[in-house]
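Working notes for the structure below.
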Amino acid sequence: MATFKSGFVAIVGRPNAGKSTLVNRLVGQKVAIISPRPQTTRNRIQGIVHRSDAQVVLIDTPGMHKPATALGREMMGEVEQALDGNDIVALLLDASEKFGAGDRWALERVARSSGVRFLLPNKIDVIPKSRLLPLIDSCRRACEFAEVIPISALTGDGVPLLLEKLVEHLPVGAPYFPADQFTDQPERFLAGEIIREKVIASTYNEVPHAVAVLVESFEESASLVRIHATIQVERDGQKGIVIGRGGETLKKIGTTARRELEILLGVKIFLELHVKVQRDWRDSPARVRQLDWRRQLEHLGKM
Ligand code: GDP
Ligand code: MG
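Following this note's numbering, the numbering of the sequence shown begins with 3 at its first residue and continues without gaps.
The following block contains the structure:
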């Protein structure tokens with residue numbers, strides 16, 4: 003297969019643009035958590051698309067924003083890494099929102115990135131077509147793009163064309179990952195992300211992104227995976243909200259997370275959750291680093 007193609011595609015954009023939705027849709031499996039609230043993606047996530055003629059490795063990134071906390075700085079460091087050193091940089095733009103200063107800033111940064119650049123106006127399922135052209139025009143003035151492909155990550159509109167174009171622009175090369183692998187994330191990290199998603203969904207609007215999940219142990223046996231995780235919040239009030247009246251909310255978080263993990267991992271799960279207050283962890287570089295899964299693995303001597 004002399005013409006097999008493979009390479010890395012960074013999916014970048016402002017918070018809430020739909021990056022994680024797109025990665026999941028392209029991969030066809032859930033590898034990134036999705037939330038209607040911005041800034042839910044913290045770590046670099048690789049989703050892998052396997053085709054008979056190509057392998058596309060996708061890198062989901064945290065939303066591009068001006069950081070105000072140690073967590074924010076760590077997240078933007080990930081974005082910087084993704085902007086340089088990948089074959090393709092795909093900038094996702096929420097076309098349903100008014101184009102603002104933040105979008106312009108993101109465009110200017112992408113204009114200085116290395117690699118082939120794609121512009122993907124997203125959420126075209128909720129906007130009139132007439133709004134697209136002026137938007138694309140002003141983007142093209144700020145940054146040169148090899149391809150501009152309007153899509154809906156949610157409905158999948160435009161996504162097959164996007165995949166064709168990605169493959170077209172990738173270099174010829176052997177696959178990077180085996181065919182049965184769809185993410186490079188350890189299962190324990192995925193477990194933490196799923197739990198975090200359920201916390202955000204169950205405490206909607208009440209607990210902000212002050213929540214983090216630490217997977218304390220992940221023990222596999224033949225018939226069962228035992229997971230013990232700590233949900234970390236910043237205030238006593240937030241702890242109360244996560245636990246809920248009579249422990250109801252925490253129970254719901256546990257049940258929904260367990261069900262999804264059982265489907266995802268294909269085994270029976272025993273899930274034990276605790277809630278802990280860790281004041282202002284987002285401002286502490288050491289705490290933020292503790293939550294990074296790569297470093298969690300380093301601690302365990304696995305990386
Ligand atoms: P990220 O922060 O860029 O990773 O954005 P997410 O993938 O988490 O999506 C943010 C929100 O936008 C979620 O509520 C998604 O369901 C929604 N969303 C993503 N793509 C689309 C789309 O194509 N159309 C519509 N209507 N909503 C979308
Ligand atoms: Mg995301």
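Built from N, CA and C at the ideal position, the CB exists for glycine as well.
Chain-order list of residues whose beta-carbon lies under 7 Å from that of residue i (same chain, five-residue window excluded)
i, result
"Thr258", "Lys200"
"Val81", "Val14, Thr63, Pro64 and Met66"
"Pro287", "Ala72"
"Lys304", "Bear in mind that a pLDDT of 43 at Lys304, under 50, signals an unreliable position, so the number given afterwards is only what the model happens to contain. Around Lys304: no qualifying Cβ."
"Gln270", "The amino acid occupying residue 270 in the given sequence is Lys; Gln does not appear at that position. Within the same chain, Lys270 has close Cβ partners Ser225, Leu226 and Glu264."
"Ala148", "Val118, Arg119, Phe120 and His171"
"Ile245", "Thr251, Leu252 and Val277"
"Leu137", "Ala97, Phe101 and Pro123"
Residue i classed as buried or exposed, judged by whether at least 16 other C-beta atoms fall within 10 angstroms
i, result
"Ile265", "exposed"
"Val112", "buried"
"Arg143", "exposed"
"Leu302", "Because the pLDDT of Leu302 is 48, which lies under 50, any placement of that residue in the model is unreliable, and the question is left without a value."
"Val29", "buried"
"Val227", "buried"
"Leu172", "buried"
"Pro162", "exposed"
"Arg247", "exposed"
"Ala103", "exposed"
"Pro123", "buried"
"Glu250", "exposed"
"Ala84", "buried"
"Thr157", "exposed"
"Val128", "exposed"
Among the options, the one whose alpha carbon lies nearest that of residue i
i, options, result
"Arg284", "Thr71, Phe10 and Val14", "Thr71"
"Lys167", "Lys253, Val215, Gln57 and Glu262", "Gln57"
"Gly194", "Glu218, Pro180, Leu172 and His171", "Glu218"
"Phe10", "Val91, Met77, Asn26 and Ser54", "Val91"
"Glu146", "Leu163, Glu170, Gly117 and Ser132", "Gly117"
"Ser225", "Leu156, Leu267, Glu149 and Leu28", "Leu267"
"Leu60", "Leu216, Leu24 and Glu250", "Leu24"
"Pro180", "Lys21, Ala12 and Arg53", "Arg53"
"Asn18", "Asp86, Asp105, Ala12 and Glu76", "Asp105"
"Asp282", "Gln240, Glu250, Gly49 and Lys270", "Gln240"
"Gly242", "Thr205, Arg198, Val269 and Leu216", "Thr205"
"Glu222", "Arg190, Ala212 and Leu252", "Arg190"
"Gly49", "Pro69, Lys68 and Arg27", "Arg27"
"Phe101", "Ser140, Gly248, Gly79 and Glu236", "Ser140"
"Lys278", "Arg114, Glu262, Ala148 and Thr232", "Thr232"
"Asn88", "Ser115, Glu110 and Lys68", "Ser115"
"Val213", "Asp238, Ile197, Gln234 and Gln83", "Gln234"
"Gln280", "Arg198, Gly79, Arg237 and Thr251", "Arg237"
"Leu275", "Glu262, His211 and Ile197", "Ile197"
"Leu192", "His211, Ile202, Val215 and Ala203", "Val215"
Close Cβ partners of residue i (< 8 Å) along its chain, the five nearest in sequence each way excluded
i, result
"Ile126", "Ala97, Leu134, Pro152, Ile153, Ser154, Asp159 and Gly160"
"Thr5", "Asp55 and Val174"
"Asp169", "Sequence inspection shows Val at residue 169; the Asp mentioned does not correspond to that position. Once the five neighbours on either side are set aside, the close Cβ partners of Val169 are Lys7, Arg53, Asp55, Ala56 and Val58."
Own chain partners of residue i with C-beta closer than 6 Å, once the 5 adjacent residues on each side are dropped
i, result
"Pro177", "Ser8 and Gln57"
"Leu273", "Ile229, Gly256 and Arg260"
"Pro188", "none"
"Lys21", "Ile13, Gly15, Asp62 and Leu94"
"Ala108", "Arg16 and Met66"
"Pro69", "Arg75 and Met78"
"Glu262", "Ile196"
Quiz item: Counting only runs that start and end within the stretch 79 to 150, where is the alpha helix (DSSP H) found for 4 or more residues in a row?
Solution: 103 to 113 and 134 to 144
Quiz item: Which whole runs of the beta strand (DSSP E) in the stretch 233 to 299 are 3 residues long or more, in chain order?
Solution: 270 to 279
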